[in-house]
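2 protein chains.
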Amino acid sequence: MMEKIDAHPIYIEPFHVDFTGRIFMGMLGNHLLNAAGNHSQRRGWGIGALNETRHTWVLSRLSIEMMDMPRQYEHCTITTWVESVMKLFTNRNFAILREDGTAMGYARSVWAMIDMETRRPCDLLSLYDGDILNYVVAPEENICPIEGHGRFRFRNAEFVRTIPTYYSDVDINGHINSIKYIEHILDLFPRETFEHGIRRFEIAYKAESYMGDTLSFFQQQNEDGTIDVEVRKNATEENPGEVVCQARLSIHHAEDGQQES
Amino acid sequence: MMEKIDAHPIYIEPFHVDFTGRIFMGMLGNHLLNAAGNHSQRRGWGIGALNETRHTWVLSRLSIEMMDMPRQYEHCTITTWVESVMKLFTNRNFAILREDGTAMGYARSVWAMIDMETRRPCDLLSLYDGDILNYVVAPEENICPIEGHGRFRFRNAEFVRTIPTYYSDVDINGHINSIKYIEHILDLFPRETFEHGIRRFEIAYKAESYMGDTLSFFQQQNEDGTIDVEVRKNATEENPGEVVCQARLSIHHAEDGQQES
Numbered sequence: 001m002m003e004k005i006d007a008h009p010i011y012i013e014p015f016h017v018d019f020t021g022r023i024f025m026g027m028l029g030n031h032l033l034n035a036a037g038n039h040s041q042r043r044g045w046g047i048g049a050l051n052e053t054r055h056t057w058v059l060s061r062l063s064i065e066m067m068d069m070p071r072q073y074e075h076c077t078i079t080t081w082v083e084s085v086m087k088l089f090t091n092r093n094f095a096i097l098r099e100d101g102t103a104m105g106y107a108r109s110v111w112a113m114i115d116m117e118t119r120r121p122c123d124l125l126s127l128y129d130g131d132i133l134n135y136v137v138a139p140e141e142n143i144c145p146i147e148g149h150g151r152f153r154f155r156n157a158e159f160v161r162t163i164p165t166y167y168s169d170v171d172i173n174g175h176i177n178s179i180k181y182i183e184h185i186l187d188l189f190p191r192e193t194f195e196h197g198i199r200r201f202e203i204a205y206k207a208e209s210y211m212g213d214t215l216s217f218f219q220q221q222n223e224d225g226t227i228d229v230e231v232r233k234n235a236t237e238e239n240p241g242e243v244v245c246q247a248r249l250s251i252h253h254a255e256d257g258q259q260e261s
Numbered sequence: 262m263m264e265k266i267d268a269h270p271i272y273i274e275p276f277h278v279d280f281t282g283r284i285f286m287g288m289l290g291n292h293l294l295n296a297a298g299n300h301s302q303r304r305g306w307g308i309g310a311l312n313e314t315r316h317t318w319v320l321s322r323l324s325i326e327m328m329d330m331p332r333q334y335e336h337c338t339i340t341t342w343v344e345s346v347m348k349l350f351t352n353r354n355f356a357i358l359r360e361d362g363t364a365m366g367y368a369r370s371v372w373a374m375i376d377m378e379t380r381r382p383c384d385l386l387s388l389y390d391g392d393i394l395n396y397v398v399a400p401e402e403n404i405c406p407i408e409g410h411g412r413f414r415f416r417n418a419e420f421v422r423t424i425p426t427y428y429s430d431v432d433i434n435g436h437i438n439s440i441k442y443i444e445h446i447l448d449l450f451p452r453e454t455f456e457h458g459i460r461r462f463e464i465a466y467k468a469e470s471y472m473g474d475t476l477s478f479f480q481q482q483n484e485d486g487t488i489d490v491e492v493r494k495n496a497t498e499e500n501p502g503e504v505v506c507q508a509r510l511s512i513h514h515a516e517d518g519q520q521e522s
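Those protein sequence lines, which keep their order, are chains A and B.
Our numbering applies: residue 1 is where the first sequence begins, and numbers increase by one.
Our numbering applies: residue 262 is where the second sequence begins, and numbers increase by one.
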């Protein structure tokens, strides 16, 4: 029986770090998705195998919480495993480890499986005779001491900007890629945000957008100090557009001290 | 004596390919720069060693010519070596090889060394007692059958667009990163350009720009079918701004046939 937890080594490349020398949150997200892809692939649940039966994974939620961020030239390891499987969703968790094995942070994600023709969700528990249940870790192995995904309530969000989407935003499926949303969302924030560092970043993917769509960004300051961002596509003065994704940021406070260079 | 040519393995990740399944030119550029960085590092000429003497490499030119582009999940190898060294510049070449060792394309680059205090170029031939000359390959090893860097002459360039620069554009030095210029330049082009595929991409870096600078893009169609792009920072109606970089694209013609999926 294959181990249930995989270790995915990462190396922090020079062009993948921000002006503070820490990895961009989007790049870290990219590494997490690669780790997830490899873990699935090795167990016969990768995109390649799924495409043969006209199924594919869709990322629904991603929450990353970092006590510290990997820095340029650092070698780290991402471990990943399946926490649980329900009919329409599966929870996958991650730990981001230093070379000495200590944790820098953790992440949670939620995935659905869809039928590529109908674009409708599939029953994970019946697909491949419920094989995915073989990969769910035991509770004592599921060490992911960060909060679950939050709920978004946009009440007083203010419009920040609209951006066009171009060639570089689009993935092999012709969709704006999930990592590019993270980049565009973080680009709303001033330099000081990244001097403090991001403690937690959450994103909920709601709908696809495509090359040529315009994305409008709305921002809301919450009472607990977090900041929410809503992204809508093709919004106009008359039409609120469609919600594409929603995100929440928590910034490190100076007194946290973990993010000092 | 250390070999003069290094082999740098690369793997084409899912989020690094465009809607055709081929690697983004910017991502390929990023891999080339990593290969260059590793090659220098192993020979005592890496950024780390140089920073101790307050020197750093500056990329001046990069020309990439591809018969075919690596595709999603492909394993390739980049080989790189020093072609020649002059007082103020060194030429570094690259080959991009398939798993079977055949070439998919080649690249040429020009680098200067600057003093980090004065920002002025250094004499490469005298630095470290001319040690860099030990790494110049013999002419018979310098297999890079692509044209040298061209010259730019902007005569009838038309303004296309101005974009702001944000957090994601900036590298650890606080400069807009060299790869991001490639992305922004390619974002000027329509979908059809990438359906044909890019045969050759050249860029000349002229000046640094910084987070918050606005970049204006001007485009010119040349008689030989190539397209030139000039990027200027902080241009206004009264002020032409400063040239930051210039690029040239050649697109595959349908009859080339190399880029069929």
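By construction, the Cβ of each residue, glycine as well, lies at the ideal position given by its N, Cα and C atoms.
Nothing here was measured: the structure is a model prediction, and the numbers come from that model.
Secondary structure at residue i, three-state DSSP: helix, strand or coil?
{"i": "G518(B)", "result": "Confidence at G518(B) is low in this model, with a pLDDT of 49, below 50, so its placement is unreliable and the value that follows should be read with caution. G518(B): coil per DSSP, three-state reduction."}
{"i": "G46(A)", "result": "coil"}
{"i": "N91(A)", "result": "strand"}
{"i": "R452(B)", "result": "helix"}
{"i": "A235(A)", "result": "coil"}
{"i": "Q263(A)", "result": "An answer regarding residue 263(A) cannot be provided, because it is not within the stretch 1 to 261 covered by chain A."}
{"i": "Y128(A)", "result": "helix"}
{"i": "P70(A)", "result": "coil"}
{"i": "Y135(A)", "result": "helix"}
{"i": "E3(A)", "result": "coil"}
{"i": "Y205(A)", "result": "strand"}
{"i": "P121(A)", "result": "strand"}
{"i": "E99(A)", "result": "coil"}
Could you give the first and the last residue of the continuous alpha helix (DSSP H) run that contains residue i?
{"i": "F154(A)", "result": "Per DSSP, F154(A) belongs to no alpha helix (DSSP H) and is neither H nor E."}
{"i": "I284(B)", "result": "Where I284(B) is concerned, there is no enclosing alpha helix (DSSP H), given that its DSSP letter is neither H nor E."}
{"i": "H445(B)", "result": "439 to 447"}
Taking the alpha-carbon of residue i as reference, which of the options has the nearest alpha-carbon?
{"i": "T497(B)", "options": "F420(B), F413(B), A465(B)", "result": "F420(B)"}
{"i": "D432(B)", "options": "D129(A), F19(A), N156(A)", "result": "F19(A)"}
{"i": "E456(B)", "options": "H513(B), C405(B), T487(B)", "result": "H513(B)"}
{"i": "Y210(A)", "options": "E238(A), V229(A), I203(A), E242(A)", "result": "E242(A)"}
{"i": "K4(A)", "options": "S84(A), K206(A), S60(A), T56(A)", "result": "S84(A)"}
{"i": "R153(A)", "options": "R54(A), V229(A), S250(A)", "result": "V229(A)"}
{"i": "V82(A)", "options": "A157(A), R232(A), I143(A), Y73(A)", "result": "I143(A)"}
{"i": "I78(A)", "options": "S63(A), L88(A), G101(A), K87(A)", "result": "G101(A)"}
{"i": "L358(B)", "options": "K348(B), L293(B), C337(B), G309(B)", "result": "C337(B)"}
{"i": "L28(A)", "options": "R248(A), N134(A), I146(A), F94(A)", "result": "F94(A)"}
{"i": "A35(A)", "options": "R92(A), P14(A), S63(A)", "result": "R92(A)"}
{"i": "D267(B)", "options": "L447(B), G486(B), I443(B), H300(B)", "result": "H300(B)"}
{"i": "N495(B)", "options": "T475(B), I443(B), A508(B)", "result": "T475(B)"}
{"i": "L133(A)", "options": "P145(A), R155(A), G150(A), F89(A)", "result": "F89(A)"}
{"i": "I464(B)", "options": "R416(B), R369(B), S477(B)", "result": "R369(B)"}
{"i": "D392(B)", "options": "R416(B), N417(B), K348(B), L294(B)", "result": "K348(B)"}
{"i": "P275(B)", "options": "Y11(A), N222(A), G21(A), G46(A)", "result": "G46(A)"}
{"i": "V110(A)", "options": "Y73(A), R61(A), M104(A)", "result": "R61(A)"}
{"i": "G435(B)", "options": "I12(A), G21(A), Y73(A), Q246(A)", "result": "G21(A)"}
{"i": "V206(B)", "options": "D485(B), S429(B), R304(B)", "result": "The shown model of chain B, from 262 to 522, leaves out residue 206(B), and the question about it has no answer."}
{"i": "M113(A)", "options": "D123(A), G105(A), Y106(A)", "result": "D123(A)"}
{"i": "G309(B)", "options": "V17(A), Y73(A), I185(A)", "result": "Y73(A)"}
{"i": "E360(B)", "options": "P270(B), Q482(B), M263(B)", "result": "P270(B)"}
{"i": "H184(A)", "options": "V231(A), L59(A), S63(A)", "result": "V231(A)"}
{"i": "A103(A)", "options": "E65(A), P139(A), I12(A), E140(A)", "result": "E65(A)"}
For residue i, list the residues DSSP reports as bridge partners.
{"i": "Q221(A)", "result": "I227(A)"}
{"i": "S109(A)", "result": "L62(A), R92(A)"}
{"i": "R161(A)", "result": "F217(A)"}
{"i": "S511(B)", "result": "R461(B)"}
{"i": "H175(A)", "result": "Y210(A)"}
{"i": "T317(B)", "result": "I375(B)"}
{"i": "V243(A)", "result": "R232(A)"}
Determine the extent of the beta strand (DSSP E) in which residue i is found, giving its start and end residues.
{"i": "I146(A)", "result": "Neither: I146(A) is in no beta strand (DSSP E) and is coded neither H nor E."}
{"i": "P9(A)", "result": "6 to 11"}
{"i": "V343(B)", "result": "336 to 346"}
At least 3 beta-carbon pairs within less than 8 angstroms: the stretch 69 to 85 of chain A vs the stretch 149 to 169 of chain A: Using a Cβ-Cβ distance cut-off of 8 angstroms, the stretch 69 to 85 of chain A and the stretch 149 to 169 of chain A are not in contact, since fewer than three pairs of beta carbons, one from each stretch, lie closer than that value.
Count the C-beta pairs between the stretch 175 to 188 of chain A and the stretch 108 to 122 of chain A that are closer than 8 angstroms, then say yes if the count reaches three, no if not. By the criterion of at least three beta-carbon pairs nearer than 8 angstroms, the stretch 175 to 188 of chain A is not in contact with the stretch 108 to 122 of chain A.
Three or more C-beta pairs under 8 angstroms: does that hold for the stretch 301 to 315 of chain B against the stretch 446 to 461 of chain B? The count of Cβ pairs closer than 8 angstroms, one atom from the stretch 301 to 315 of chain B and one from the stretch 446 to 461 of chain B, stays below three, leaving the stretches out of contact.
Pairing CB atoms from the stretch 388 to 398 of chain B with CB atoms from the stretch 460 to 471 of chain B, are three or more of them under 8 angstroms? The stretch 388 to 398 of chain B is not in contact with the stretch 460 to 471 of chain B.
Just by C-beta distance, which residues in the stretch 405 to 428 of chain B are closer than 8 angstroms to chain E? In the displayed structure, chain E is absent; the protein chains listed are A and B.
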